[in-house]
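Engineer: Per the numbering used here, the sequence shown starts with residue 10, numbered consecutively.
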Amino acid sequence: MAAPGSTPRKFLGRLSLPERTFVADTLRAETVGGILLLIAAVAAIAWANSPVGASYEAVSDFHMGPAALGLDLSVQHWAADGLLAVFFFVAGIELKRELVAGELRDPKAAALPVIAAICGMAAPALVYALVNVTGGGSLRGWAVPTATDIAFALAVLAVIGTSLPSAIRAFLLTLAVVDDLFAILIIAIFFTSDLNFAALGGAVVGLGVFWLLLHKGIRGWYVYVPLALVIWGLMYNSGVHATIAGVAMGLMLRCTRHEGETRSPGEHVEHLVRPVSAGLAVPLFALFSAGVNVSGNALHAVFTRPETLGVVLGLVVGKTVGVFGGTWLAARFTKAELNDDLAWPDVFAVASLAGIGFTVSLLIGELAFAGNATLTDEVKAAVLLGSLIAAVFACVLLKLRVRKYQALYEEEERDEDQDGIPDVYEQDKPEYHLRMAAIYEKKAAEHRRKAELAGASRADGDRPA
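(1) Per DSSP, HIS309 forms a beta bridge with which residues?
(2) For ILE198, count neighbouring C-beta atoms within 10 Å of its own C-beta (all shown protein chains included) and say buried if the count is 16 or more, exposed if not.
(3) Please confirm whether ALA254 and LEU262 have their CB atoms less than 9 Å apart.
(4) Assuming GLU268 contacts SER147 under a Cβ cut-off of 8 Å, what Cβ separation, rounded to an integer in Å, is found between them?
(5) List, from N- to C-terminal side, the alpha helix (DSSP H) runs of 4 residues or more that fit wholly inside the segment 209 to 289.
(6) With burial defined as no fewer than 16 other Cβ atoms inside 10 Å of the residue's Cβ, what is the status of VAL388: buried or exposed?
(7) Rounded to whole angstroms, what's the CA-CA distance from THR271 to PHE312? Just pull it up for me.
(8) Check whether the Cβ atoms of VAL282 and PHE98 sit closer than 9 Å, and answer yes or no.
(9) Only counting the same chain, and skipping five residues up and downstream in sequence, which positions put a Cβ closer than 7 Å to that of LEU322?
(10) In this structure, does DSSP put SER83 in helix, strand or coil?
(11) Which residues mark the beginning and the end of the alpha helix (DSSP H) in which PHE96 is found?
(12) Restricting to runs no shorter than 4 residues, where is the alpha helix (DSSP H) found entirely within the segment 288 to 370?
(13) Using 10 angstroms around the beta-carbon of TYR231, count the other beta-carbons present and answer buried if the total reaches 16, otherwise exposed.
(14) Here's a check: name, in chain order, each residue in its chain whose Cβ is nearer than 6 Å to the Cβ of GLN85, leaving out the five neighbours to either side.
(15) So who's on the other strand from MET73, going by DSSP bridges?
(16) How far does the alpha helix (DSSP H) with VAL392 in it extend, from its first residue to its last?
(17) Alpha carbon to alpha carbon, how far is GLN436 from LEU182? Give it in angstroms, no decimals.
(18) Which residue marks the beginning of the alpha helix (DSSP H) containing VAL186, and which one marks its end?
(19) Using three-state DSSP, classify SER64 as helix, strand or coil.
(20) Which of helix, strand or coil does DSSP assign to GLN415?
(21) Please state whether DSSP places LEU163 in a helix, a strand or coil.
(22) Compute the beta-carbon to beta-carbon distance between LYS459 and GLY275, rounded to the nearest angstrom, for a pair I have assumed lies under 8 Å.
(23) Between GLU422, PHE191, THR265, GLU375, which lies nearest to GLY300 when the distance is taken from Cα to Cα?
(24) Report the rounded CA-to-CA distance for PHE200 versus VAL186, giving the unit in angstroms.
(25) Helix, strand or coil for TRP151? Go by DSSP, reduced to three states.
(26) Below 8 Å CB to CB, which residues in the same chain sit around ILE448 once its five sequence neighbours on both sides are set aside?
(27) Report buried or exposed for GLU440, applying the criterion of at least 16 other Cβ atoms within 10 angstroms of its Cβ.
(28) With distance defined between alpha-carbon atoms, name the residue in LEU372, THR336, ARG423, ALA110 nearest to ARG266.
(29) Using only CA atoms, which one of LEU236, VAL218, ALA399, VAL123 lies nearest to VAL325?
(30) Between the alpha carbons of VAL356 and PHE180, how many angstroms are there, rounded?
(31) For VAL239, tell me which candidate among LEU209, GLY429, LEU221 has the shortest Cα-Cα distance.
(32) How do the segment 332 to 345 and the segment 377 to 384 stand: do at least 3 beta-carbon pairs fall below 8 Å, yes or no?
(33) Rounded to the nearest angstrom, what separates HIS442 and ALA212 at their Cα positions?
(34) Buried or exposed: where does HIS456 fall if 16 or more other Cβ atoms within 10 Å of its Cβ makes it buried?
(35) Among the residues of its own chain, which have a CB less than 6 Å from the CB of SER202, if the five just before and after it don't count?
(36) Reducing DSSP to helix, strand and coil, say where ALA156 ends up.
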């Protein structure tokens, strides 16, 4: 119970108007990117399993780049280490914004999604470990089922036509941002090879220059893009995964607005770079990473090998139980009350969406089993199959409540006075009610006029010929 005189915090309650607008814009871009991601994944599987499947391997393994700089990489490697750096750059900006202006800026409000995200990563890792300890498999892939792909999840929502209320979407987005943070830490800590301290020192100096230029207000892509490429190359050669460079630069951008600014520099750069990330970088990564064998024998191996079975169960069971359980426990111990319009089964359905792990899961799978091409492909197949099962499961659960979600969504979107602001945000504004009164008075006058015309017409019809 809340303390006397206090208003209990509502979990999944209505967002503020600025936050709702930001979430809507962000998720709109993520949804488009997610659909492209789905198309790229399907294209990769079709290509790899077609009569010209050998060409898929040939293109993926084709090497290019300056060998003198240690960058003679395969196309697949460029996609994973190069293009995904753009994805993680955007993730860094999202994280910075959440920390300074979003849900994570308030420790009390942040506690619930952070705990849910931590539990949503710990539970899949535990499920994977239990399956592999029991089955005698390798524990190297414990981190594979821990990541959630927000773009893929939103693409699933777009395909099934479910309009979730903005609060649920914001929770899913915040969950994914925190998820990305811990995935970044996992990659940095557990998948760093032998360090080249000279290259690492150069990358740190480059990041320092990057920060100084931002601090001095220097503008111009022609300054930052070449510098970013140098930092990325040095980070790659340092032994630290190159995507960490993208995250570090994203975190350096200012995401708070100064007086007179309609957008912070971080928001401006994110607006420019997100289409490149969602529309090009991530789909190309999917195209050259998702092309796995889907024959009967390959699918049979997914359910018989402990490493792959651990990934599937981690995504489908571990993610759902972890996110839901963490959310319920956090709500209980922080005294946060669930929004009256929603129920815990709704939270369970959203938790099942978190089991859709794709981009980062594929990346970690490649890192965890590097050197074992067969197992790497089997783990990729497990990620795809586990994500598919989680998506179907989530679709069934969400469809059971689709009418409720649509009613809540329509209520949030209603704008009867057509001033561009949803009516639910104007209930305490006298001018809104005056506008609505004028609208209804105009409608009433129109109906009175129509009634008079109808009455006159009836009277004329009743007169004898």
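From the three backbone atoms N, C-alpha and C, an ideal C-beta is built for every residue, glycine too. These numbers were taken from a predicted model, which means no experiment stands behind them.
Structural biologist: Taking the coordinates as given:
(1) In the DSSP secondary-structure assignment, HIS309 is not bridged to any residue.
(2) Exposed, because fewer than 16 other Cβ atoms sit within 10 Å of the Cβ of ILE198.
(3) With respect to the 9 Å criterion, ALA254 and LEU262 are not classified as neighbours on the basis of their beta carbons.
(4) With 8 Å as the limit, GLU268 and SER147 do not qualify as a contact, their Cβ atoms being about 56 Å apart.
(5) Counting whole runs of 4 or more residues, the segment 209 to 289 contains the alpha helix (DSSP H) stretches 230 to 247, 252 to 261, 274 to 285.
(6) By the beta-carbon neighbour count (other beta carbons within 10 angstroms, threshold 16), VAL388 is buried.
(7) Each residue's Cα considered, the two are about 52 Å apart.
(8) In this structure, PHE98 lies closer than 9 Å to VAL282 by Cβ.
(9) VAL136, VAL140.
(10) Strand.
(11) Counting along the chain, the alpha helix (DSSP H) containing PHE96 begins and ends at 93 to 109.
(12) Entirely contained in the segment 288 to 370, the alpha helix (DSSP H) runs reaching 4 residues are, in chain order, 291 to 298, 305 to 313, 315 to 322, 328 to 343, 353 to 362.
(13) Exposed, by the Cβ-count rule.
(14) Excluding sequence neighbours, GLN85 sits near SER69, PHE297.
(15) Among the bridge pairs identified by DSSP, MET73 is matched with LEU82.
(16) Note, VAL392: alpha helix (DSSP H), 382 to 408.
(17) Their Cα atoms are separated by approximately 27 Å.
(18) 175 to 199 is the span of the alpha helix (DSSP H), which, as asked, contains VAL186.
(19) Three-state DSSP puts SER64 in a helix.
(20) Residue state, collapsed to three classes: helix.
(21) It is helical.
(22) The C-beta separation of LYS459 from GLY275 comes to about 54 Å, leaving the pair out of contact by the 8 Å criterion.
(23) If we check each option's Cα against that of GLY300, GLU375 comes out closest.
(24) Here the alpha carbons of VAL186 and PHE200 stand approximately 20 Å from one another.
(25) Under the three-state reduction of DSSP output, TRP151 falls in the coil class, being neither helix nor strand.
(26) So the qualifying residues of the chain are GLU425, ASP426.
(27) So GLU440 counts as exposed.
(28) That would be ALA110, whose Cα lies nearest to the Cα of ARG266.
(29) Scanning LEU236, VAL218, ALA399, VAL123 for the CA closest to the CA of VAL325 turns up ALA399.
(30) VAL356 and PHE180: Cα-Cα distance of roughly 10 Å.
(31) Residue LEU209 is the option with its Cα nearest to VAL239.
(32) No: fewer than three Cβ pairs fall under 8 Å.
(33) CA-to-CA, the gap between HIS442 and ALA212 works out to about 58 Å.
(34) Per the 10 Å Cβ criterion, exposed.
(35) Taken in chain order, the residues that qualify are GLY248.
(36) Coil, per DSSP.
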